[in-house]
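If you're matching them up, the sequences are chains A and B in order.
Sequential numbering of the first sequence, starting at 1361, is according to this note's numbering.
Sequential numbering of the second sequence, starting at 78, is according to this note's numbering.
Just so it is clear, CB atoms sit at the ideal spot from N, CA and C, and this is done for glycine as well.
Nothing here was measured: the structure is a model prediction, and the numbers come from that model.
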Amino acid sequence: MNTKTQKNINFVGMRKPAMIFSILMILASIGSLFVNGLNLGVDFTGGTVIEVGYPEAANVDEIRKSLTAAKYDASVQHFGTAKDVLIRIAPHEGVERSKVGDNVLSILKEANPAVEMRRVEFVGPQIGDELRDDGGTAMLLALAGILIYVTLRFEFRFSVGAIIALVHDVLITVGIFSITRMEFDLTILAAILAIIGYSLNDTIVVFDRVRENFLKLRKVNAVESINTSINQTLSRTIVTSLTTLLVLIALYYFGGKVIHGFSLAMIIGVIVGTYSSIYVASSSLIMMGITREALLPPEKDDDGREEDGSVV
Amino acid sequence: MNRYPLWKYLLIIAVTVFGLLFALPNLYPSQPAIQISSASEITPLDNTVLENIKNTLTKKGLATESIETLGPNKVLIRFDTPDNQLAAQEAINESLGKKFNTALNLAPATPKWLRSFNPMNLGLDLRGGVHFLMEVDMKSAIDKSLSRSSEEFRTLLRKNKINYLGVKRVGDHLVIQFKNEELRDKARAELKNQYRNEIDFSDEKVAKGAALKAVLTENNIKNTKRFALQQNITTLRKRVNELGVSEPVIQQQGLDRIVVELPGVQDPTLAKKILGTTATLEFRLVDEGRDAYAAQASGRIPAGDILLKERNGNPVLLKRRVMLTGDYITNANAGFDQNQQPSVNITLDGKGSKLFARATGANVQKLMGVVFIEHKTDITKQEDGTIKKVTKVNKEVINIARIQDQLSKRFQITGLDSPQESHNLALLLRAGALAAPVYIVEERTVGPSLGADNIAAGFKSVIIGFVLVLIFMAIYYRVFGLVANLALTLNLVLIIAILSMLQATLTLPGIAGIVLTVGMAVDANVLIYERIKEELRNGLTPKAAIQSGYEKAFSTIADANITTLIAAIVLYGMGTGPIKGFAITLAIGIVSSMFTAIMGTRAIINLIYGGKKDIKKLSI
């Protein structure tokens, strides 16, 4: 626990293997997105989801049979416990869609009167499309807002570095959802947007120190200066990630089934985000050839000359 | 240098008191209650009514916790158990009748002195209830407007003695046909004068004679749509009131959608049926001179007639001209006729009674049919991704009776299948018709048991996550960690206080936002403390290290938090319910953490270390 001595790990020196690792992860994510796509939830595809509870363990096969008999194309599975059952019904032609939930419930009630409705979600097809489009727009807007803020506060190359780290984190998190076929619903989208905020937070802290060191450590080259910055902020990066992970794990284990996906997405995102703020964001600064001069604000010209004068 | 001016301490104390006061009501559980309000101003909820309620409850042996007057014509009665609450509603409804509305409610059990502060509202996912997103079928609203215009054209041209051949609907406009151009020009002048800004008239080329094309102006279409939306919101509100739901939300969303949220409603089927139906009635004469079966068999319907079916499937020919529509109905009550068959007693307004008296008076001894009209819309997505809407209009003749005498203000209709149906029809007629059909495009129903589970799980995860962070910080940063923990606690109190003050609705994603903020709020303290450690390593004195640590970490904290705030604002702007709740708590958490983590911790650190002359070591 005692951090009396400054760590000095050569993070920047490890940037090649880190880059290869990141590129492999991103390629795998993109590949899976193309091949598997995402297992989109009812929020985006439209359709009906019904969660029911039974007083004792439910017979999933029987439920499936009775729904198939009623000509419903339903996926039936246990949800959390053996007593809870989740039924998904894909949107289909003909029937009045908003009544599907009621009809299914009455079929289940006929088979077993003890069944209890816990949740019904129906999303019409046009809403699904809109939510998907809005989600994409929100992501782009968030990125644009951040790009502008970081450019104003730092420099354009820093904002590109921050965006590269963000895209990296989002792609890999979404990729993991694609590879594992976990359901991607509206709460996951919220998690992704929160990850954007979190990962950026992490990256900005490192960048802030890079800027400070660029201006302070004048004799040192960019690579060394960036490495020092990462080391100086390392314990903060790890401590904050740890506290965030602690609450996310609490949320995952105790927060209930409905936010399971959300907390899992956040856990993945925080881990990837921590990694990227150490390895990806700064490496991209070096690749773009960031220099000390780029950070000197033009209006400080006067101060600079005075300083030069006093040195000479 | 590590001293704070007095006003900063006072500010922190003031904020803490404010936070505690606003957050406190959330600690008290909700109580089952009934809210009673008078249905109209004619029947005020005065002391006699109140006495009546009290007597009813005492007679049934239902103990009340308290009876409060919430305002003119509004009373809240609290009960100790939900069973008593339900029994009491039934008893009160029985004794007061239709003049008063009763609604089941969950009232916070805060002590009297705290009542002016309200706890957070719980979202539907935490207390159970139904959320509907309804879309108004604007095409039908425009259709209705066109057919009304076409009716008006005929009347106007007839009144001005301008002969026309016909008015017909072509696509999204009307075409009026004339024998020659002279008549057309005369009609155009007259019509243009009448519909200056509402309808554009232009000449239409036709093979024979002359014709006018009538197109609704952009402005007119916009107004029609806006009116349809407003009218539907009003009608839906009335219907929800009839259902007896407390604290319903009925709001416009976008240009053609309405959000309806009904907390505590456990049966979405009935709610959906009542809200979504565009049921109305029409009264038409039966064409007794012609054979309906023959018309059905040949498919040739006599001019001036329409062919409908009775409930038993028999065809009926009715006159095209409507005697009366449901628009004139002011009141409707379900009941039973002399044969104990379900019926609906209808009361008409002044204009309606006059119209109906004239129409029935002229047709005594003839048969009249009551037509029940219902719209159903089905939306399907085509293969190519486009959305197809099909609105089916279902018209049924529910009753045919001989007009015995002139009818006017009050009369009774029968022919309904069950008391439930007569009850629903009466409710729909009372609440008024929808200006255009609505259909549900999104539904989210949460059962009460899941709501209770969600809130329990949410609280548990907040507490556990919070305690884990407290332990970690205390071990890692020792005294400074304890100070950060105080700030974190205050932060949690402030988030809850601000949410209560804004009367925001707490949802499960909102709880997730709070949990996440707890994790991220310590970040500011971590940044400051790590900086202080660094400055100590660089050889600064403890006092200087504190000063410099706080100063240097500030811009980093500001940059990091503003970027997160940007993400939260974008999330909020996206506008969907659950995500909005998450974004609000995240944004509030970020802002309040800036205050507690920087100013709050500094104040305590200053208290601990600021007074001492010589500090050798910091417990960090």
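When the Cα of Pro196/B is compared with those of Gly205/B, Asp202/B, Ile682/B, Ala186/B, which residue comes out closest? Here residue 196/B corresponds to residue number 119 of the second sequence, with the count starting at 1. Of the listed residues, the one whose Cα sits closest to Pro196/B is Ala186/B.
Kindly indicate if chain B contains any beta-carbon less than 8 Å away from that of Ala1502/A. On the first sequence, residue 1502/A is found 142 positions in, with the first residue counted as 1. Yes - at least one Cβ of chain B is within 8 Å of the one on Ala1502/A.
Would you say the beta carbon of Ser1636/A is closer than 7 Å to some non-hydrogen atom of the ligand PLP? In the structure shown, the ligand PLP is absent, as is every other ligand, since no ligand is present at all.
Run down chain A in chain order and give the residues with a C-beta less than 8 Å from the C-beta of Pro345/B. Position 268 of the second sequence holds residue 345/B. Gly1461, Asp1462, Val1480, listed in chain order.
Could you check what DSSP says for Met445/B in three-state terms: helix, strand or coil? On the second sequence, residue 445/B is found 368 positions in, with the first residue counted as 1. Looking at Met445/B - three-state DSSP - the assignment turns out to be strand.
Three-state class that DSSP yields for Leu545/B in the structure shown: Stepping through the second sequence from its first residue, residue 545/B is reached at position 468. Reduced to three states, the DSSP call for Leu545/B is helix.
Starting from Ser107/B, trace the beta strand (DSSP E) both ways and give me its first and last residue. Counted from its first residue, the second sequence places residue 107/B at position 30. First-last of the beta strand (DSSP E) with Ser107/B: 107 to 115.
Judging by CA-CA distance, which residue of Leu401/B, Glu258/B, Leu394/B, Leu139/B is the nearest neighbour of Ala369/B? The residue given as residue 369/B occupies position 292 in the second sequence. Closest by alpha carbon: Leu394/B.
With respect to the beta strand (DSSP E) encompassing Phe1371/A, which residues constitute its N-terminal and C-terminal limits? By 1-based counting over the first sequence, the position of residue 1371/A is 11. No beta strand (DSSP E) holds Phe1371/A; DSSP gives it neither H nor E.
Spatial neighbours of Ile1646/A in its chain, beta-carbon cut-off 8 Å, leaving aside the 5 residues before and after: Here the question's residue 1646/A lines up with position 286 in the first sequence. Once the five neighbours on either side are set aside, the close Cβ partners of Ile1646/A are Val1372, Arg1375, Ala1582, Val1583, Ile1586.
Local Cβ density within 10 Å of Ile1380/A, reported as buried at 16 or more and exposed below that: Stepping through the first sequence from its first residue, residue 1380/A is reached at position 20. Its Cβ having fewer than 16 others within 10 Å, Ile1380/A is exposed.
Can you tell me whether DSSP reads Gln254/B as helix, strand or coil? Position 177 of the second sequence, counting from 1, holds the residue named residue 254/B. Residue state, collapsed to three classes: strand.
With DSSP as the reference, label Thr301/B as helix, strand or coil. Position 224 of the second sequence, counting from 1, holds the residue named residue 301/B. Helix.
Name the chain B residues whose beta carbon is nearer than 7 Å to that of Ser1595/A? Taking the first residue of the first sequence as position 1, residue 1595/A is located at position 235. By Cβ distance, chain B contributes Glu607.
At least 3 beta-carbon pairs within less than 8 Å: the region 91 to 100 of chain B vs the region 137 to 148 of chain B: no
When you check each C-beta in the region 510 to 525 of chain B against every C-beta of chain A, which residues fall closer than 8 Å? Tyr516, Ile517, Val518, Glu519, Glu520, Arg521, Thr522, Val523, Gly524
Kindly confirm or deny that the region 1502 to 1516 of chain A and the region 1604 to 1624 of chain A touch, where touching means at least three C-beta pairs closer than 8 Å. no
What's the call for Val560/B, buried or exposed, on a 16-neighbour Cβ count within 10 Å? To locate residue 560/B, count along the second sequence from 1; it is residue 483. When all chains shown are included, Val560/B counts as buried.
Completely contained beta strand (DSSP E) runs for the region 351 to 436 of chain B, where each covers 3 or more residues: 357 to 363, 382 to 387, 392 to 402, 406 to 413, 419 to 425
List the endpoints of the continuous beta strand (DSSP E) containing Gln1592/A. As a position in the first sequence, residue 1592/A is number 232, starting the count at 1. Where Gln1592/A is concerned, there is no enclosing beta strand (DSSP E), although the alpha helix (DSSP H) it sits in stretches over 1582 to 1614.
When you compare each of Val1483/A, Arg1492/A, Thr1540/A to Val1395/A by their alpha carbons, which one comes out closest? Counting from 1 along the first sequence, the entry for residue 1395/A is found at position 35. Checked all of Val1483/A, Arg1492/A, Thr1540/A; the closest Cα to Val1395/A is Thr1540/A.
Closer than 8 Å, CB to CB, is Glu1476/A near chain B or not? Along the first sequence, read from residue 1 onward, the residue named residue 1476/A stands at position 116. So, interface residue.
Hey, could you find the ends of the alpha helix (DSSP H) Gln497/B is sitting in? Locating residue 497/B in the second sequence gives position 420, counting from the first residue. Where Gln497/B is concerned, the enclosing alpha helix (DSSP H) stretches over 496 to 508.
With H, G and I counted as helix, E and B as strand and the rest as coil, what does DSSP make of Asn79/B? Counting from 1 along the second sequence, the entry for residue 79/B is found at position 2. Here Asn79/B sits in coil by DSSP.
Whole-angstrom C-beta distance between Arg1596/A and Val603/B, which should lie under 8 Å: Here residue 603/B refers to the residue found at position 526 of the second sequence. Here residue 1596/A refers to the residue found at position 236 of the first sequence. Confirmed, about 5 Å.
DSSP three-state call for Gln330/B: helix, strand or coil? Working through the second sequence from its first residue, we reach residue 330/B at position 253. If DSSP states are grouped into helix, strand and coil, Gln330/B belongs with the strands.
Own chain partners of Glu1667/A with C-beta closer than 6 Å, once the 5 adjacent residues on each side are dropped: Taking the first sequence and counting its residues from 1, one reaches residue 1667/A at position 307. Annotation note: pLDDT 41 at Glu1667/A (below 50); position unreliable, coordinate value reported separately. Same-chain partners within the cutoff: there are none.
Which runs of the beta strand (DSSP E), 3 residues or longer, sit entirely within the region 110 to 177 of chain B? 141 to 148, 151 to 156
Below 7 Å between beta carbons is the criterion; list the residues of the region 272 to 296 of chain B that meet it against any residue of chain A, in chain order. none
How many Å lie between Ile1556/A and Leu571/B at the Cα? Position 196 of the first sequence, counted from the first residue, corresponds to residue 1556/A. Position 494 of the second sequence, counted from the first residue, corresponds to residue 571/B. So the alpha carbons of these two residues sit roughly 25 Å apart.
Going by alpha carbons, who is nearest to Asp1421/A out of Leu1507/A, Glu1653/A, Asn1399/A, Val1445/A? The count along the first sequence starts at 1 and reaches residue 1421/A at position 61. The option with the nearest alpha carbon to Asp1421/A is Val1445/A.
Answer with buried or exposed for Gln1592/A, where buried requires no fewer than 16 other C-beta atoms within 10 angstroms of its C-beta. On the first sequence, residue 1592/A is found 232 positions in, with the first residue counted as 1. It is buried - the Cβ of Gln1592/A has at least 16 other Cβ atoms within 10 Å.
Using 8 Å as the threshold, is the C-beta distance between Lys516/B and Glu212/B below it? Locating residue 516/B in the second sequence gives position 439, where the first residue counts as 1. Locating residue 212/B in the second sequence gives position 135, where the first residue counts as 1. According to the sequence displayed, residue 516/B carries Tyr and not Lys. Going by C-beta atoms, Tyr516/B is nearer than 8 Å to Glu212/B.
Take Arg1448/A and list the residues in its own chain whose beta-carbon comes closer than 6 Å to its own, dropping the five residues that flank it on each side. Counting from one through the first sequence, the residue named residue 1448/A turns up at place 88. Once the five neighbours on either side are set aside, the close Cβ partners of Arg1448/A are Val1409, Ser1435.
Less than 6 Å between C-beta atoms, sequence neighbours within five positions excluded: which residues of the same chain meet that for Tyr45/B? No answer is possible for residue 45/B: the residues shown for chain B start at 78 and end at 697.
If the cut is a Cβ gap below 9 Å, which residues of chain A does Asn549/B touch? For this step, residue 549/B is matched to residue 472 along the second sequence. The sequence as given places Phe at residue 549/B; Asn does not occur at that position. Under the 9 Å cutoff, chain A gives Val1599, Leu1602, Thr1603, Leu1606.
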